[in-house]
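Trainee: Handing you a structure now.
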Amino acid sequence: MQRLWYNGWKRKHALKYQAVDTPDGMIRQLWGPMLGRRHDVAMLGESGLVQTLQQWFNDANGLPYYIYGDPAYQLSPWLMAPYKGVLTEAQEMFNTSMSSCRVTVEWGFGKIVALWPYVDYAKKQQVGLSACGLGKQYAVAGLLTNCHSCFYGNSTSKYFGVPTPTLRAYLAGEG
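Quick note on numbering: the sequence shown equals residues 40 to 214 in the working numbering.
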């Protein structure tokens with residue numbers, strides 16, 4: 040059973056999560072857990088994120104807004120990823136610029152673990168005993184992290200200069 044949870048790339052047992060964060064540092068979509076050995080593209084497909092973007096992530100004229108994703112993801116009308124292969128100078132500059140933005144998602148995961156260390160699976164959890172509840176615990180930690188950000192801000196909102204919503208606006212789905 041432990042083999043199912045093993046991530047050979049990170050050389051440890053792991054659960055994986057996918058998050059979509061906005062420039063105000065709020066976690067707008069948190070999906071998981073998925074077995075650590077599964078590829079990120081499988082997680083993207085199972086999460087239904089692209090379908091959600093297709094339905095809801097367009098401007099008034101129907102043109103898609105974009106999110107910037109993991110290098111493993113494929114390009115789509117709603118999802119951008121770093122350029123691959125032999126790159127032009129402009130493509131290299133784009134990748135460098137965007138990688139500094141993509142790291143903000145990692146800040147969100149870091150804040151969850153800093154505020155709620157119990158959900159740090161590798162250090163605190165035993166998969167065989169608590170795997171069924173780990174996803175729920177992590178989702179609640181994500182929600183509470185967003186509430187904390189409403190009161191105290193976060194690194195991402197400071198980085199982009201975008202204020203976090205008030206707690207009232209966030210919980211009402213307005214911010």
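The beta-carbon is built from N, C-alpha and C at its ideal position, and this holds for glycine as well.
DSSP on GLN113, reduced to helix/strand/coil?
Mentor: Three-state result, GLN113: coil.
Trainee: With the cut-off set at 7 angstroms, would you say TRP146 and SER196 are in Cβ contact?
Mentor: Cβ atoms of TRP146 and SER196: not closer than 7 angstroms.
Trainee: When DSSP labels each residue in this structure, what does MET40 get in the three-state scheme?
Mentor: Caution is warranted here: a pLDDT of 46 is assigned to MET40, below 50, making its placement in the model unreliable, and no coordinate value can be reported.
Trainee: In three-state terms, what does DSSP make of ILE66?
Mentor: Note: ILE66 maps to strand in three-state DSSP.
Trainee: Suppose the cutoff is 8 angstroms on Cβ atoms and the five residues either side in sequence are ignored; what does the same chain contact list for TRP117 look like?
Mentor: VAL89, LEU92, GLN93, PHE96, PRO103, TYR104, TYR105 and ILE106, listed in sequence order.
Trainee: Does DSSP classify LYS150 as helix, strand or coil?
Mentor: Here LYS150 sits in helix by DSSP.
Trainee: Put TYR56 into one of helix, strand or coil per three-state DSSP.
Mentor: In this structure, TYR56 counts as strand in the three-state DSSP scheme.
Trainee: Let me know if CYS140 comes out buried or exposed under the rule of 16 or more other beta-carbons within 10 Å of its beta-carbon.
Mentor: Burial call: exposed.
Trainee: Among residues of its own chain, excluding the 5 on either side of ASP98, which ones have a beta-carbon nearer than 8 angstroms to its beta-carbon?
Mentor: So the list reads TYR104, once near-sequence residues are dropped.
Trainee: Which same chain residues, not among the five before or five after LYS55, have their C-beta less than 8 angstroms away from its C-beta?
Mentor: Same-chain partners within the cutoff: ASN46, GLY71, PRO72, MET73, LEU74, GLY75, ARG77, ASP79 and MET82.
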